[in-house]
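Participant: Can you keep this structure in mind? I'll have questions shortly.
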Amino acid sequence: MLVLLPPSEGKAAAGTGPALDLAGLSMPELNSVRRQVLDSLITLCEGDERKALEVLGLGPKLRGEVLRNLDLREAATLPVAGLYTGVLYDALDLSSLTGAAAARAAGSILVFSGLWGALRPTDRVPPYRCSMGVRLPGIGALAGQWRAVTAPVLPRLAGDDLVLDLRSAAYGAAWKPVGAVAERTATVRVLHERIVDGVAKRSVVSHFNKATKGRITRDLLVSGAEPRNPAELADALRELGWTVETAEPKQAGTPWALDVVVAAV
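Going by the numbering used here, the first residue of the sequence shown is number 227, and it counts up by one from there.
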């Protein structure tokens, strides 16, 4: 199983390990674009601070994020498993996994990133600020840059396995499974169900969405479940206590859609 996750704007304050080693990151085929994006980001942050804030979509109170980007080549790193914070990553709690569950996480999770393209939990990078929606000078739209290099790499990485795509739309644009890979791909929508005047009503709420996706991923890793296709994934999640509704694709070469219904976080 290949699990695709979005990153989080919230990150650890600092790393404690050695400086960045691009050559040591997984998926070395992405390194040429990683280097270009890194160079452009640092150059942007070395220039006019107001422009950097504008390009990165940050307010004046977040100027520290611009300053932090200046030191990306020399800053201490930490594993991706401990880098991201926020609702999804608090629920997933990658750094607490041990033994077989940690090994499954290392082999199955890909975290997408505006700066790095995609990363494994064991990859070491410094804290940074650069979302997928940014248009860097000399680079342009990051999703398009990453899509060009992930297109030949990630299908090989997925192989014949199930792909569980939990990314947001912005990060989903960096690689879109097609053909046979898409047919083995499941996307997840989280619905919050509540009773109003005796009637069940459902809505999509961001907090429920992120927390549930983190918990689903953790449950699959800890349980050792090995679903081979979206239908088996739905069955595995039901066995783990989740309420899941499925919708098979109406045409070939498109992903399955799974609805996970929750009453509380």
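Virtual Cβ for every residue (Gly too), placed ideally from N, Cα, C.
Specify the secondary structure class of residue 349 as computed by DSSP and reduced to three states.
Facilitator: The sequence position of residue 349 within the sequence shown is 123, counting from 1. Coil.
Participant: Once DSSP output is grouped into helix, strand and coil, what is the label at residue 310?
Facilitator: In the sequence shown, the residue the question calls residue 310 occupies position 84. Residue 310: strand per DSSP, three-state reduction.
Participant: Of all the options 450, 484, 278 and 248, which has the alpha carbon lying nearest to the alpha carbon of residue 357?
Facilitator: Counted from its first residue, the sequence shown places residue 357 at position 131. Comparing Cα positions, the closest option is 278.
Participant: Using three-state DSSP, classify residue 376 as helix, strand or coil.
Facilitator: The residue given as residue 376 occupies position 150 in the sequence shown. Note: residue 376 maps to helix in three-state DSSP.
Participant: Residue 170: which of 437, 369 and 473 sits nearest, CA to CA?
Facilitator: Coverage of the chain is limited to positions 227 through 491, which leaves residue 170 absent and any answer about it impossible.
Participant: In whole angstroms, what is the alpha-carbon distance linking residue 483 and residue 274?
Facilitator: Mapped onto the sequence shown, residue 483 falls at position 257. Mapped onto the sequence shown, residue 274 falls at position 48. Distance between the alpha carbons of residue 483 and residue 274 is about 44 Å.
Participant: Does DSSP put residue 497 in a helix, a strand or coil?
Facilitator: Outside the displayed range of the chain (227 to 491) lies residue 497, so it cannot be described from this structure.
Participant: Please name the residue in 455, 434, 409 and 360 whose C-alpha comes closest to that of residue 476.
Facilitator: The residue you call residue 476 lines up with position 250 of the sequence shown. Comparing Cα positions, the closest option is 409.
Participant: The alpha helix (DSSP H) spanning residue 444 covers which residue range?
Facilitator: Residue numbering aside, residue 444 sits at position 218 when the sequence shown is read from its first letter. Looking at the DSSP string, the run of the alpha helix (DSSP H) that includes residue 444 is 432 to 449.
Participant: Taking the alpha-carbon positions, what's the residue 323 to residue 236 distance?
Facilitator: Counting from one through the sequence shown, the residue named residue 323 turns up at place 97. Counting from one through the sequence shown, the residue named residue 236 turns up at place 10. Straight-line Cα distance between these residues: approximately 20 Å.
Participant: Taking contact to mean at least 3 C-beta pairs separated by less than 8 Å, is the segment 240 to 248 in contact with the segment 358 to 366?
Facilitator: Counting Cβ pairs under 8 Å, fewer than three are found: no touch.
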